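Read the structure below first, then the notes.
There are 2 protein chains.
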Amino acid sequence: MRVEIITTGTELLLGEIINTNFTWLAQELNQRGFDVLYQTTVGDNPARMKEVLDIAVKRADIVITSGGLGPTRGDITKEIIAEYCNVDLYMNLEVWNHIHEMLSRRNICIATNNEKQALVPSGAIVLHNEAGTAPGLVLEHDKTIFVMLPGPPFELKTVCEKELFPYFEQRFPHLGIIKSHTLKLRGIGESNLAEMLDDIIVNQSNPTIALYARHGDILIRLTAKASSAEEADVLIAGMQEKVEKTVGTYVYGYNHDTLPEVVGKELLCRQKTIAFAESCTGGLATSMMTDVPGSSAYVKGSVVSYTDEVKNLVIHVSKTTLTKKGAVSEEVALEMAEGIREAIGSDIAVSITGLAGPGGGTRKKPVGLVYIAVADKNGSLCRKFVFNGTRTQIKQRAAMAALGLALDRLKESPQNNSEETIHDHDAER
Amino acid sequence: MRVEIITTGTELLLGEIINTNFTWLAQELNQRGFDVLYQTTVGDNPARMKEVLDIAVKRADIVITSGGLGPTRGDITKEIIAEYCNVDLYMNLEVWNHIHEMLSRRNICIATNNEKQALVPSGAIVLHNEAGTAPGLVLEHDKTIFVMLPGPPFELKTVCEKELFPYFEQRFPHLGIIKSHTLKLRGIGESNLAEMLDDIIVNQSNPTIALYARHGDILIRLTAKASSAEEADVLIAGMQEKVEKTVGTYVYGYNHDTLPEVVGKELLCRQKTIAFAESCTGGLATSMMTDVPGSSAYVKGSVVSYTDEVKNLVIHVSKTTLTKKGAVSEEVALEMAEGIREAIGSDIAVSITGLAGPGGGTRKKPVGLVYIAVADKNGSLCRKFVFNGTRTQIKQRAAMAALGLALDRLKESPQNNSEETIHDHDAER
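Chains A and W are the protein sequences, given in the same order. Quick note on numbering: the first sequence equals residues 1 to 429 in UniProt numbering. Quick note on numbering: the second sequence equals residues 1 to 429 in UniProt numbering.
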């Protein structure tokens, strides 16, 4: 089934609101096996909306609109589609009673223009809207199914989940579905990953495999087409096994897992505490860790040592090391990690020192150079990274890498080698 | 000038990414007097893209595409438009050199498919892309102006601001314009602000006035319609004067100013340094301050004291105060500010202690309760806030309030009263 989604509203064309309705609908419909081929935005203008409908009917089987079902004169979607299908509008008593009830519950007097919201095109199916006054509507005309949805995102979602999707399941029982599953990785760049998975990527068919880098995360998304959710799950599980045989050591979580959450869980179940000494990340790593509810159980505290003086005074990095090696060096990173661990008394400690830029880079120490060290009772190790990106991107990537290193140490990965150096040139994508 | 924006990419139709490019473009183009009448999304499919172009050419004077200028086979926008306009592609040396330079700067070997990005349609104007490898392109054909923009949002914005908009200004000098000017405020809630400006809001016409709360900032946006930028500026200046007569003391900056930048500038010009002791914000305030390039000149460092132990050990909050008053209290906030100032040796110090939730709230100390204290050589003061929102929103609002308080102290505002209490119940919007 070919779908076109028409989002209406002058506020969209003025750029006043972001079209999240379309993104959500597209996700949900694709997962249910519909082909969303086009999306059009048009203002609250009768002539232009008719013209857009005319085009949509020619290239789609299902035309879904969002918005324009409200009580004002500017709300014209239902009227235009009824006119287009050459059917009358009638006052639907059930809808009218619902509107009445909703408004009186909010202590709002019913106005004449609310009657407009109770008008339903003849022959349309009413999709009850428990979250608002405007119902959704389904109207079949010739070979096209028109679906009209309310514009407010919460109402649109409610009507879809409670009414439209169940209707679609009955109406199109044999549609295949698309299901996705995301693996989240740390400690590897996108291009190295692509190389390691080259065989699988070249020979992919169903499920497909795609690599992404987003906010310092590396993602592998597996997408399966199948006739049922169960079949899709089996296809995905098979592919996941193949992928993890090759790069499983880099996988830290799935789908909505975040690295701070996963590190937090590891700390919790091992009853360990963590502390950070942050230089170029300026507190970001700790802030990310403390975004997780309940993190006070394992985050003891941190020091942002933005100057050499604070590195020396508060976390006891030796003045000699600072002078001889410079603040951005493996030696300082190691002393920072050991120093913060001692100062705060945490089980594990992570330090980050580097150049976030845009100024301050040299040939030997370019912007993006970051040393990250981790220390616990077994000793300490340091890794070197070179990140690309803007100042805030470098901060983000360095903070994510620091959490990744903490996770490695927590899981006692075999890479406990203080000499190890990784050049992460891919980090900019 | 009627504009249609065509956003391309299967990832949009799958609902994988939100179409922020369109929203941004729509805002910018409307402000410049263009009529954005249609927006269409289509996948990376030659037949469908041609069909969409065909429709767009009939109903718009300017057709702007975003996406599909990359090096892969799936990137087809330039090729389809060139074919549509019946012009050849040629290898543009200037673009090629730029690509070469960008890739070698990132230590990436140039691949054969990068050549594709240097191909330019004959007769097209190249819009230099300093943020990426794919340039923007302008191609006039018959009565249509085709504008091709790269898909990554940062690249699209850069190409528009540095190249496309200046080109439009020269090409369409007589368009009416809409101009906006934003005032940024701290230390006042949205509903109090609305009350104070009630007269102005009720009687608005041109410029219009709108209030927003976003990411802990309170914004007033003035929007003028005029035939020239100068005329718009005069209208806006008049309205701004009226607004600032009433609420000027709360205004900290304009348009793209951020509170961390403004605080940074105040510190720089007074040659003062700052330090933070953060509890519930977990490092966020310091991270925000250090997002600003050059902030190492005035941020000395911070301590995230997420446990009582660290509050006592590192920044010397007395155990008695912690036990008697609890970590979330005015007394602890004051000792934290004084303690961090001493420990790090900064001119000014700010402390934040509170409950970010979602757990841990009590009747007396609810989630959202935050004490923020500021200390300098003249003494210290503390303010009490109650923020609404999720854990991360409360962190954000508390961090912004802390920077606001630092700014007040730096500007030696008259509100240096350690008893003062603000209930910021509006903060959730």
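Ideal Cβ placement from N, Cα and C applies to all residues, glycine included. Please read all numbers here as calculations on a predicted model, not as lab measurements.
So, for residue i: in the same chain, excluding its five sequence neighbours on each side, which residues have a beta-carbon less than 6 Å away from its beta-carbon?
| i | result |
| --- | --- |
| W/Ser413 | Because the pLDDT of W/Ser413 is 47, which lies under 50, any placement of that residue in the model is unreliable, and the number read from its coordinates should be weighed accordingly. Once the five neighbours on either side are set aside, W/Ser413 has no close Cβ partner at all. |
| W/Arg429 | Interpretation of W/Arg429 is limited by its pLDDT of 28, a score under 50 that renders its predicted location unreliable; no figure is taken from the coordinates. |
| A/Lys311 | Ser305 and Val317 |
| A/Ile5 | Phe22, Leu25, Gln39 and Ile64 |
Near residue i, which residues of its chain fall below 7 Å by C-beta distance, leaving aside the five closest residues on each side in sequence?
| i | result |
| --- | --- |
| W/Thr10 | Gly43 and Asp44 |
| A/Asn206 | Ala224, Lys225 and Leu235 |
| A/Gly282 | Val304, Tyr306 and Lys395 |
| A/Arg48 | Val42 |
| W/Pro260 | Met288, Met289, Asp291, Val292 and Leu403 |
| A/Asp308 | Leu322 and Ala327 |
| W/Ile18 | none |
| A/Asp424 | Confidence at A/Asp424 is low in this model, with a pLDDT of 41, below 50, so the placement of that residue should be treated as unreliable; the coordinate-derived value is given next. These residues qualify, in order along the chain: Gly189, Phe385, Val386 and Phe387. |
| A/Lys319 | Asn312 |
| A/Ile315 | Ala277, Val303, Ser305, Met336, Gly339, Ile340 and Ala343 |
| W/Phe168 | Arg32 |
Tell me residue i's beta-bridge partners as DSSP assigns them.
| i | result |
| --- | --- |
| A/Val234 | Its beta-bridge partners do not exist; DSSP assigns none. |
| W/Val63 | W/Glu4 and W/Phe146 |
| residue 430 of chain W | Outside the displayed range of chain W (1 to 429) lies residue 430 of chain W, so it cannot be described from this structure. |
| A/Cys382 | A/Ala373 |
| W/Ala210 | W/Arg221 |
| W/His181 | W/Leu222 |
| W/Asp35 | W/Arg2 |
| W/Phe168 | According to DSSP, W/Phe168 bridges with nothing at all. |
| W/Phe276 | W/Ser302 and W/Val350 |
| residue 447 of chain A | Here chain A has residues from 1 to 429 only, and residue 447 of chain A is not among them. |
| A/Thr41 | A/Thr7 and W/Gln39 |
Among the options, which one has its Cα closest to the Cα of residue i?
| i | options | result |
| --- | --- | --- |
| W/Lys179 | W/Thr208, W/Leu156 and W/Pro135 | W/Thr208 |
| W/Ala275 | W/Asn19, W/Ala373, W/Arg391 and W/Ile80 | W/Ala373 |
| W/Leu137 | W/Ala82, W/Val328 and W/His181 | W/Ala82 |
| A/Gly123 | A/Ile108, A/His141, A/Thr112 and A/Ala131 | A/His141 |
| A/Val370 | A/Thr392, A/Glu335, A/Ser329 and A/Thr362 | A/Ser329 |
| A/Leu69 | A/Met336, A/Thr20, A/Gly151 and A/Tyr167 | A/Gly151 |
| W/Val386 | W/Glu79, W/Lys364 and W/Leu53 | W/Lys364 |
| A/Gly389 | W/Met102, W/Leu127, W/Cys85 and W/Ile145 | W/Met102 |
| A/Leu175 | A/Ser227, A/Asp198 and A/Arg186 | A/Ser227 |
| A/Thr321 | A/Thr362, A/Gly74, A/Val314 and A/Glu331 | A/Glu331 |
| W/Ala232 | W/Ile177, W/Glu309, W/Gly301 and W/Ala26 | W/Ile177 |
| residue 447 of chain A | A/Pro135, A/Phe154 and A/Lys157 | In the structure as shown, chain A starts at 1 and stops at 429, and residue 447 of chain A therefore has no counterpart that could be examined. |
| W/Asp88 | W/Asn107, W/Leu268, W/Arg171 and W/Val120 | W/Val120 |
| W/Ile348 | W/Leu53, W/Leu405 and W/Ile62 | W/Leu405 |
| A/Glu278 | W/Glu94, W/Leu410 and W/Thr286 | W/Thr286 |
| W/Gln271 | W/Tyr298, W/Thr258 and W/Ser302 | W/Tyr298 |
| W/Thr112 | W/Glu130, W/Met91 and W/Leu127 | W/Met91 |
| W/Cys85 | W/Pro46, W/Leu29, W/Thr144 and W/Thr8 | W/Thr144 |
| W/Asn107 | A/Met400, A/Pro366 and A/Ala375 | A/Pro366 |
| W/Thr392 | W/Lys411, W/Lys384 and W/Gly368 | W/Gly368 |
| W/Thr246 | W/Ile201, W/Val314, W/Gly264 and W/Gly354 | W/Ile201 |
| W/Leu37 | W/Lys50, W/Asp61 and W/Gly15 | W/Asp61 |
| A/Ile76 | A/Leu93, A/Glu94 and A/Leu53 | A/Leu53 |
| W/Cys269 | W/Leu407, W/Gly216 and W/Gln204 | W/Leu407 |
Within the same chain, show all residues whose beta-carbon is closer than 8 Å to that of residue i, passing over the 5 residues directly before and after it, in chain order.
| i | result |
| --- | --- |
| A/Ile99 | Ile110, Asn114, Gln117, Ala118 and Thr133 |
| W/Ile218 | Lys184, Leu185, Arg186, Ile188, Gly189, Glu190, Leu193, Leu211, Tyr212 and Tyr250 |
| W/Pro358 | Val367, Thr390 and Arg391 |
At a threshold of 6 Å, does residue i count as lining the ligand SAM (C-beta to nearest heavy atom)?
| i | result |
| --- | --- |
| W/Lys265 | The ligand SAM is not part of this structure, which contains no ligands at all. |
Q) Name the residues in the stretch 288-299 of chain W whose C-beta lies less than 9 Å from a C-beta of chain A; which are they? A) Met288, Met289, Thr290, Asp291, Val292, Pro293, Gly294, Ser295, Ser296 and Val299
Q.
Assess contact between the stretch 227-244 of chain A and the stretch 380-396 of chain A, defined as three or more Cβ pairs (one per stretch) separated by less than 8 Å. Is contact present?
A. no
Q. Between the stretch 176-195 of chain A and chain W, which residues of the former have CB atoms less than 8 Å from a CB of the latter, in chain order?
A. Residues of the stretch 176-195 of chain A whose Cβ lies closer than 8 Å to any Cβ of chain W: none.
Q: State whether the stretch 285-293 of chain A contacts the stretch 330-340 of chain A, with contact taken as three or more CB pairs (one from each stretch) at a distance under 8 Å.
A: no
Q.
Counting only Cβ-Cβ distances shorter than 9 Å, please list the residues of the stretch 316-345 of chain A near chain W, keeping chain order.
A. Those residues of the stretch 316-345 of chain A that come within reach of chain W (Cβ to Cβ, closer than 9 Å) are Ala343, Ile344 and Gly345.
(Q) Contact between the stretch 88-104 of chain A and the stretch 51-58 of chain A is defined here as three or more beta-carbon pairs at a separation below 8 Å; is this criterion met? (A) No: the two stretches stay apart, fewer than three of their Cβ pairs being nearer than 8 Å.
Q) What are the residues of the stretch 36-66 of chain W that lie near chain A, defined by any Cβ-Cβ distance shorter than 9 Å? A) Val36, Leu37, Tyr38, Gln39, Thr40, Thr41, Val42, Gly43, Asn45, Arg48, Glu51, Val52, Ile55 and Arg59
Q. Residues in the stretch 8-21 of chain A with C-beta within 7 Å of chain W's C-beta atoms, listed in sequence order?
A. Leu13, Leu14, Gly15, Ile18, Asn19 and Thr20
Q. Which of the residues in the stretch 368-397 of chain A, read from start to end, lie with their CB under 9 Å from any CB of chain W?
A. Val386, Asn388, Thr390, Arg391, Thr392 and Lys395
**Q.** Members of the stretch 299-310 of chain W that neighbour chain A once the beta carbon cut-off is set at 9 Å
**A.** Val299, Lys300, Gly301, Ser302, Val303, Val304, Ser305, Tyr306, Thr307, Glu309 and Val310
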